[in-house]
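Residue numbers (full-length UniProt numbering), protein chains in the order written: chain A, 1 to 480; chain B, 1 to 307.
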Amino acid sequence: MNRRTALTALLLGSSALLSAAHAAPGTWRGTITMVAADYTPNFPGVKNQLKVFQQIANEYEKKYPGIKIKFHTEPIPDTNTMIRVKAAAGELFDVYWAQAYSLNSTLPKGVAADLAPAFRQPNPYIPGNKAWQDVMDKAQLAEGRNPSGAVYTLSGDRVVYTIFYNKDLFKKAGISKAPTSWAELIAASKKLQAAGVYPMHAVPAYPWWSRHFLSDLYSKDYAKLTGYDGLPGQSPLDEAVAIHKGILTPKDPRFMSWWPTMKQFTDTWPRDYLTADPGKNYDAFQDFVGQKEAMLYEGSYKTREMLDAGVKFPVGAFNFPRLTKKESPYATGVNTANAYTGTGGFQYAMSTPLANKSMREKGKTQAVLDWMRYFGTPKNLQRLTAEQGTYVPTWPGTTAKLALSNFDAAAIQAQIKQPERSIGVANASANLGWGDMQRVFGLYLSGNITLDQAKQQAQTVLDRAAADYARKNKVDLSKY
Amino acid sequence: MTALPGFRSAPASRRSLLARLRGGWPAYLFLLPTLLLVGYFSYFPAYTAITRAFTDWDGLNVPTFTGLENFQRAVTDPVMGQATLNMAIWVGLGLLLAVVPPLLISELIFHLRGKKRQYAYRTLFVLPIVIPSLVLLLVWGAFYRSDGLLNALLGAVGLEGLRHDWLSDPDTALLSLIFLGFPYVDAFNFLLLYAGLQNIPDEVFDAARIDGATGWRRVLRIDLPLLRPQLGLIALLAIIGNVQYFISPLVLTSGGPGFATTVPALLMYQTATRDGEYGYAMAMAVLLMIVVVALTGLSRLLGRGNR
Numbered sequence: 001m002n003r004r005t006a007l008t009a010l011l012l013g014s015s016a017l018l019s020a021a022h023a024a025p026g027t028w029r030g031t032i033t034m035v036a037a038d039y040t041p042n043f044p045g046v047k048n049q050l051k052v053f054q055q056i057a058n059e060y061e062k063k064y065p066g067i068k069i070k071f072h073t074e075p076i077p078d079t080n081t082m083i084r085v086k087a088a089a090g091e092l093f094d095v096y097w098a099q100a101y102s103l104n105s106t107l108p109k110g111v112a113a114d115l116a117p118a119f120r121q122p123n124p125y126i127p128g129n130k131a132w133q134d135v136m137d138k139a140q141l142a143e144g145r146n147p148s149g150a151v152y153t154l155s156g157d158r159v160v161y162t163i164f165y166n167k168d169l170f171k172k173a174g175i176s177k178a179p180t181s182w183a184e185l186i187a188a189s190k191k192l193q194a195a196g197v198y199p200m201h202a203v204p205a206y207p208w209w210s211r212h213f214l215s216d217l218y219s220k221d222y223a224k225l226t227g228y229d230g231l232p233g234q235s236p237l238d239e240a241v242a243i244h245k246g247i248l249t250p251k252d253p254r255f256m257s258w259w260p261t262m263k264q265f266t267d268t269w270p271r272d273y274l275t276a277d278p279g280k281n282y283d284a285f286q287d288f289v290g291q292k293e294a295m296l297y298e299g300s301y302k303t304r305e306m307l308d309a310g311v312k313f314p315v316g317a318f319n320f321p322r323l324t325k326k327e328s329p330y331a332t333g334v335n336t337a338n339a340y341t342g343t344g345g346f347q348y349a350m351s352t353p354l355a356n357k358s359m360r361e362k363g364k365t366q367a368v369l370d371w372m373r374y375f376g377t378p379k380n381l382q383r384l385t386a387e388q389g390t391y392v393p394t395w396p397g398t399t400a401k402l403a404l405s406n407f408d409a410a411a412i413q414a415q416i417k418q419p420e421r422s423i424g425v426a427n428a429s430a431n432l433g434w435g436d437m438q439r440v441f442g443l444y445l446s447g448n449i450t451l452d453q454a455k456q457q458a459q460t461v462l463d464r465a466a467a468d469y470a471r472k473n474k475v476d477l478s479k480y
Numbered sequence: 001m002t003a004l005p006g007f008r009s010a011p012a013s014r015r016s017l018l019a020r021l022r023g024g025w026p027a028y029l030f031l032l033p034t035l036l037l038v039g040y041f042s043y044f045p046a047y048t049a050i051t052r053a054f055t056d057w058d059g060l061n062v063p064t065f066t067g068l069e070n071f072q073r074a075v076t077d078p079v080m081g082q083a084t085l086n087m088a089i090w091v092g093l094g095l096l097l098a099v100v101p102p103l104l105i106s107e108l109i110f111h112l113r114g115k116k117r118q119y120a121y122r123t124l125f126v127l128p129i130v131i132p133s134l135v136l137l138l139v140w141g142a143f144y145r146s147d148g149l150l151n152a153l154l155g156a157v158g159l160e161g162l163r164h165d166w167l168s169d170p171d172t173a174l175l176s177l178i179f180l181g182f183p184y185v186d187a188f189n190f191l192l193l194y195a196g197l198q199n200i201p202d203e204v205f206d207a208a209r210i211d212g213a214t215g216w217r218r219v220l221r222i223d224l225p226l227l228r229p230q231l232g233l234i235a236l237l238a239i240i241g242n243v244q245y246f247i248s249p250l251v252l253t254s255g256g257p258g259f260a261t262t263v264p265a266l267l268m269y270q271t272a273t274r275d276g277e278y279g280y281a282m283a284m285a286v287l288l289m290i291v292v293v294a295l296t297g298l299s300r301l302l303g304r305g306n307r
């Protein structure tokens, strides 16, 4: 049997096993390894230790003696490299955290099992459940779907992005209240700058900021832009089609009408990071904790890091300000504070026999899937997110319990209640070109190119990204 | 009649390969593990890179043969065009930096009076070799910041107008990275040239002095011609090293602003590790290898032509 035949057999075998899997873990006995990422229990060196995932594992082990759940408790600095390297050796973890968009684009096919067949079957650990996917967030499920229909992650939470601020530094600059409009935000930034305080000190990450602006500017076309694939939420396919049609590109006047506003804002920031890679954003948090910058646009997971870092100064949060006609004639004025809520820590994939030799053991795939079904219930998701306190659960019936007791969290709590309607471009999957878009964005914000030059370059980037997406995924965009 | 030194005797040259292997078996036996390791860790990956450059490969699954598609994509990619131009600038200036400052310093130290003084200066220039290169890069990254040492120094000496955002301006970012590491004295190159100067017999210097060849004239007429082997080696290593180099753009600028500091080796690295396109990255690696071979051949040819 050659390698290609063996691979096909393994993949078909794993799919067949998934679709034939039942509730009971079968006769397989052994240890299931898992990378629980931000929900890892007993992670060394963490002040506020998490316990819930271990409790869930203990309950499962008690139910099925002979099966052990072992959590990986070492830091993984680069998840995708870990997945590639371990998969190439056939030693990937049985269950592991990975970004759905990476599994759909840059990571090799065959590192994660397609969970879609299992999602269509009942989860026996959810009373009365007819299909596991019935308890999931439909938009999130659709957003993580591969163009082939495969779904590689069990996703159940999101990161909420907001603007944290140092109340002391605001007071020092004579700012009495948090900004609610762009005019106020830019005015406050200028005051902070004049007072010798960095308003922000970060790489202005295009994938995050653009979602707020585009979700406002394109709000009237929301249904159209998310509907090309016939599923809720904006999938990579929806994005590629919109690029192909020239809607989510500089050909549409709305697309870059917000760039000058963002430039006014970033003109008050130190220039060092404006052209940098968002992966090099590490100084931003340190500078906020060290009280060198007054604001920090970051995910809700930073609240826990602030607690761990022993932040003593009063921290508040305010939402992305609404756009008005002053900022763009195309502004629709909708509240887009909740537009960027990226996928979070409860996002787990299951190894294939190709990436993990132990999955070839008879019955192991069913057992691992059964473990995922066990912890993948709304009840357990609620327990996990409530303890961790920095992610928002997405499954219907679950509620957010953020560990923000030391902070003025009213804005974040209000934001979570907003509907999650989000339009983005160049960021749903790695080969939709956000890296190159970030370069154009940085060059414009730092004053190295004009808006017209930026438009031209952005158009080139997006055309190439859509073509790459279509080529890699064998999609005919002209069909839509 | 005895055989001339350096010439094999006629019967020996006619001995079969097998007989020669049999005769030298202990030596071959000792070499075998090394050869096997070199073969497995050096030649086999190179063979893999060349063969997989013609495929679409994600690093895990079975590669799909795509012919010349990857090469076509690489040579028509505008980013690769800019990266190649950046590399050409880097190789040219890198060559100057690899040769000129170490030569200047080795000349100055070699002609210092007093062995102790020579030793002290030599140590001073070689000592930085113990600093890990990544630390050096990060320190230089801090120097280049808008509030970094470089701008502070310019401000302190009244050259406010020259203060600059060194790494975030596409006009200065590449040059900033190339000139990173002042005083640019590569310790290895410096020691190589210094040893070369030490190898020149005193009689040659004495004769030159009598003929009036002192100062710059001596450097041009005596030192440089006699340092040609060392200079040739440094040039060769500088070309190969700079074509393959991508660490400082990776650490400090990620190839930006825009693509101002992107070089083909960085593009290759990002294509493989970030985008997971190993087949395409290997095509880039093969193209780089061709460039290295061509430039090396050219430098050897020029070196030979000057003899």
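Positions of the beta carbon are idealized from the N, C-alpha and C atoms, including for glycine.
Considering only A:Ala142, A:Thr162, A:Val160 and A:Ile163, the residue with the shortest C-alpha distance to Thr153 of chain A is A:Ala142. Straight-line measurement puts the Cα of Ala188 of chain A at about 51 Å from the Cα of Ala131 of chain A. Bridge pairing for Pro393 of chain A: A:Asp157 [DSSP].
Approximately 5 Å separates the beta-carbon atoms of Ala187 of chain B and Val126 of chain B; this is inside 8 Å, confirming the contact.
In the displayed model, Asp408 of chain A falls within a strand according to three-state DSSP. Annotation for Phe318 of chain A: the continuous beta strand (DSSP E) segment containing it runs Val315 to Phe318. DSSP, read as helix, strand or coil, puts Thr343 of chain A in strand.
Residue pairing of Asp56 of chain B in beta bridges, as defined by DSSP: B:Thr64. Taking every protein chain shown into account, the CB of Pro249 of chain B has 16 or more other CB atoms within 10 angstroms, so this residue is buried. CA-CA distance, Leu180 of chain B to Leu445 of chain A, rounds to 26 Å. DSSP places Ile32 of chain A within a strand segment (E or B) once states are collapsed to three. Per the DSSP secondary-structure output, Ile67 of chain A pairs in a beta bridge with A:Gly30. The beta-carbon of Gly442 of chain A is placed less than 9 Å from the nearest beta-carbon of chain B. Trp97 of chain A: member of the beta strand (DSSP E) spanning Val95 to Trp97, first to last residue. A residue is called buried once 16 or more other Cβ atoms fall within 10 Å of its Cβ, and Gln453 of chain A, having fewer, is exposed. Using a CB distance cut-off of 9 Å, Pro108 of chain A counts as an interface residue toward chain B. Residues are counted here when their Cβ sits less than 9 Å from a Cβ of chain B; for the region 266 to 297 of chain A these are Pro270, Arg271, Asp272, Tyr273, Leu274, Thr275, Ala276, Asp277, Gly279 and Lys280, given in chain order. Under the 9 Å criterion on CB atoms, Arg421 of chain A is classed as non-interfacial with respect to chain B. About 34 Å separates the beta carbon of Leu402 of chain A from that of Ser257 of chain A, a gap too long to meet the 8 Å contact definition. Contact with chain A is absent for Leu137 of chain B, since none of that chain's Cβ atoms lies less than 9 Å from the residue's Cβ.
Pairing Met200 of chain A with Glu305 of chain A gives a Cβ-Cβ distance that is not under 9 Å. Ala349 of chain A is not a Cβ neighbour of Phe320 of chain A, given a cutoff of 9 Å. For Asn356 of chain A, the three-state secondary structure derived from DSSP is strand. Just measuring C-alpha positions, the residue of A:Phe93, A:Ala466, A:Ala337 and A:Trp259 sitting nearest Thr180 of chain A is A:Ala337. In the three-state reduction of the DSSP assignment, Arg113 of chain B falls in the coil class.
Close to chain B, meaning a Cβ-Cβ distance shorter than 7 Å, is no residue of the region 455 to 479 of chain A at all. DSSP places Ile163 of chain A in the strand class (E or B) of the three-state scheme. Per DSSP, reduced to three states, the secondary structure at Ala349 of chain A is strand. For Asp211 of chain B, the nearest beta carbon of chain A is not closer than 9 Å to its own beta carbon. The beta carbon of Asp168 of chain A sits closer than 6 Å to those of Phe313, all from its chain and outside the five residues before and after it, given in chain order. The three-state reading of DSSP puts Glu91 of chain A in strand, counting E and B together. Ranked by Cα distance from Gly424 of chain A, the options A:Leu323, A:Leu432 and A:Val461 are led by A:Leu432. In the structure shown, the three-state DSSP call for Tyr222 of chain A is helix. Collapsing the DSSP output to three states places Glu298 of chain A in a strand.
Contact between the region 345 to 363 of chain A and the region 30 to 39 of chain A is present: 3 or more CB-CB pairs across the two stretches fall below 8 Å.
Taking a cut-off of 8 Å for Cβ pairs, the region 127 to 142 of chain B and the region 269 to 281 of chain B do not touch, as fewer than three such pairs fall below it.
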